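J.: Before I ask anything, here is the structure I am working with.
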Amino acid sequence: MTTASQQRRLFFALWPDAATRAALAQTQSGLTGAVIRAEKLHLTMAFLGQRPVGALAALCQVMAALPAQPLMLQLDRYGYFASQRIAWAGMQSVPPALLELRCDLMRLLAAHLLVPAFEEERFVPHVTLARKAEPAAATGFAPIFWHATQMVLAAPSMATHGYQIFAARSLA
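If you use our numbering, the sequence shown corresponds to residues 1 to 172, in order.
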């Protein structure tokens, strides 16, 4: 039997560089609620939920099998998930390469039996800026051009109040 201490709440994410994090942090001014610390900003590609630590090796294999192709993302709009009260930054136009990477990731996870068979689902690529928030002001923000070159496999860390990175993959 797997105990809670032998499980981690895992996710795959695109990990911003320092300049992108700083630009994203500037978009948070004026937001209400619990603003996400700059070092925690990321774009989740697949949330896996609670997984046994024994699955880490297979998850690292999945990440290693992904195509290495850097992405140019333009974050240029605020969004809001009303049911969860989450304010976020996203894209007016999502690049096909980002959607392809997401599909590749989900298919590999399904092939390794780490998620149910992959079915197209509504994927809204975004960076969470604040929780327990009200919708962001309609004024928007100057576009942030993010040359996304790193994907990580991570989990929340109670020790650091940040994230523990189990694996990182360069997409460059």
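Backbone N, C-alpha and C fix where the C-beta goes; we use that ideal spot for every residue, glycine too.
Just so we're clear, the structure is a prediction, and the values are computed from it rather than from any experiment.
What residue from A167, P135, L101 and L171 has the CA that sits closest to G30's CA?
T.: P135
J.: Using the C-alpha atoms, what's the distance from V62 back to L108?
T.: 6 Å
J.: Hey, is the stretch 63 to 78 in contact with the stretch 138 to 154, meaning 3+ C-beta pairs nearer than 8 Å?
T.: These segments touch.
J.: Following the continuous beta strand (DSSP E) through H71, name the residue where it begins and the one where it ends.
T.: In the sequence as displayed, the identity of residue 71 is Leu instead of His. Where L71 is concerned, the enclosing beta strand (DSSP E) stretches over L71 to L75.
J.: I'd like to know if the stretch 13 to 32 and the stretch 147 to 154 are in contact, where contact means that at least 3 CB-CB pairs between them fall below 8 Å.
T.: Below 8 Å, enough C-beta pairs join the stretch 13 to 32 and the stretch 147 to 154 to call them touching: three or more.
J.: Since L71 and A97 are thought to touch, with beta carbons under 8 Å apart, how far apart are those beta carbons, to the nearest angstrom?
T.: 5 Å
J.: Which value, in whole angstroms, describes the spacing of the CA atoms of A111 and L56?
T.: 15 Å
J.: So, for T128: in the same chain, excluding its five sequence neighbours on each side, which residues have a beta-carbon less than 7 Å away from its beta-carbon?
T.: I36, I86 and W88
J.: For Q92, does the three-state DSSP call read helix, strand or coil?
T.: coil
J.: Check A82 in the structure and name its three-state DSSP category.
T.: Reduced to three states, the DSSP call for A82 is coil.
J.: Using only CA atoms, which one of A22, R51, H126 and A155 lies nearest to R102?
T.: H126
J.: List the whole-angstrom C-beta distance separating L10 from L41, where the pair is believed to meet the contact cut-off of C-beta under 8 Å.
T.: With 8 Å as the limit, L10 and L41 do not qualify as a contact, their Cβ atoms being about 18 Å apart.
J.: Any idea what DSSP makes of G49, helix, strand or coil?
T.: Reduced to three states, the DSSP call for G49 is strand.
J.: In terms of residues, what are the limits of the beta strand (DSSP E) holding T128?
T.: H126 to R131
J.: Looking only at C-alpha atoms, which of M106, L59 and A159 sits nearest to M45?
T.: M106
J.: Once the 5 residues before and after T176 are set aside, which same chain residues still bring their CB inside 7 Å of it?
T.: With the chain covering 1 to 172 only, the question about residue 176 has no answer from this structure.
J.: Taking Cβ positions, are Q7 and Q50 nearer each other than 8 Å?
T.: yes
J.: If you measure between the beta carbons of S170 and Y163, is that distance less than 8 Å?
T.: no
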